[in-house]
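Structure first, commentary second.
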Amino acid sequence: MRAIQITEFGGPEVLHVAELPEPSAGPGQLLVDVQRAGVNYADTHAVEDSYLSRSTLPMVPGSEVAGRTADGRRVVALTDGGGYAEKAAVQEYLTHEVLDGVTDEQALALVVQGLTAWHLLRTSARLAAGESVVVHAAAGGTGSLAVQLAAAFGAGRVIATASSKDKRDLALDLGADVALDAAPEDLKERLIEANGGRKVDIVLEMTGGPVFDASLAALAPFGRLVTYGMASRTPATPVEAAALMGRSRSVVGFWLAHCLGRPGMYREPMAELLAMTADGRLRPLLGGVYPLADAARAHQDLRARRTVGKLALDTTL
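Its first residue numbered 1, the sequence shown is counted upward by one per residue in full-length UniProt numbering.
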């Protein structure tokens, strides 16, 4: 079968098409004929071995697939790597049937980014009705869904940030109340101004560096900053316990891997997200489908912030 394999760590240039043996399904697994493979920002870290979990070589990247099982069911599934391929062996408990009216690309947008957005708001931030929510990278795969879910879950004000006017306009179209330039300069002051002069209750942050620092400074007492990425590849200023205690603020880390296998943290929210998509309450933003052989270009575009929404690879091309 065709797959994208890396034999050395690095940037997008290490992603190459290879002919590999087909995987076989072991106990508790299903073999999926992959139609679409999801591309996540975390994949760019895995390829250079800078992610939370360490990578080993040789490696087929990709943590999510959509396709059909041997008995013809349409499914979407998380994988333990190996997603950028024509076939993938997946754990049955991480496989979810796709509802009629939901496309493969939409389903892929939900299984990592959608679940992440859901848990950022429900599990980590514990959003209460009427609270203000800042969503950084609001035109991205997770951010675009977090904007919509925050509004659906009762946020009082949704403040989006994005790097271009087109992306900010898109965030407003998705339901944000206001959209700001993502530049870190004067970001604290601009977030407070966008919230009517009040500090904000919740920030969903995946950039790191000065954006993290400004976001933390903009938190109101009992505010929560949930960090789930470091796209800038720049570390934030270390957080002192006294600085949190003195203003009753919280910094919460989130990694989707810790939800898997825990009761109520995968299948139930996934079912809710699929139902919301099927009936039109949630609109996964689709950013583009690339031929499998163009995986490197997908990573280049993602890292350069040239994309919006969910990216996928078409394994049939």
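For glycine and all other residues, C-beta sits at the position ideal for the given N, C-alpha and C.
All values reported here derive from a predicted model rather than from experimental measurement.
1) Alpha carbon to alpha carbon, how far is A162 from W255?
2) Please report how far the alpha carbon of V17 lies from the alpha carbon of H96, in whole angstroms.
3) Which term fits E131, buried or exposed, when burial requires 16 or more other beta carbons within 10 angstroms of its beta carbon?
4) I'd like to know whether the C-beta atoms of L115 and Y266 end up nearer to each other than 9 Å.
5) Tell me whether R306 is buried or exposed, calling it buried when 16 or more other Cβ atoms sit within 10 Å of its Cβ.
6) Between which two residues does the beta strand (DSSP E) harbouring L78 extend?
7) Please report the distance separating the alpha-carbon of L191 from that of V134.
8) May I ask you to verify whether the stretch 102–114 touches the stretch 27–37, counting CB pairs closer than 8 Å and requiring at least 3?
9) Residues in the same chain with beta-carbon distance under 6 Å from S248, minus the five sequence neighbours each way, listed in chain order, please.
10) Are the CB atoms of G229 and A42 nearer to each other than 9 Å?
11) Quick one: measure Cβ to Cβ for R157 and D177, integer angstroms, because I've assumed they're closer than 8 Å.
12) Between the beta-carbon of P235 and the beta-carbon of G208, is there less than 9 Å?
13) For the beta strand (DSSP E) containing A220, list its first residue and its last residue.
14) Could you compute how far the alpha carbon of P284 sits from the alpha carbon of A138?
15) Between A125 and V226, how many whole angstroms is the CB-CB distance? I'm expecting something under 8 Å.
Inspection of the coordinates gives the following:
1) When rounded, the distance between both Cα atoms is 22 Å.
2) 28 Å
3) buried
4) yes
5) exposed
6) First-last of the beta strand (DSSP E) with L78: R74 to L78.
7) 8 Å
8) yes
9) P221 and F222
10) yes
11) The C-beta distance from R157 to D177 rounds to 5 Å, short enough to meet the 8 Å contact threshold.
12) yes
13) L219 to T227
14) The alpha-carbon atoms of P284 and A138 are separated by roughly 12 Å.
15) 5 Å
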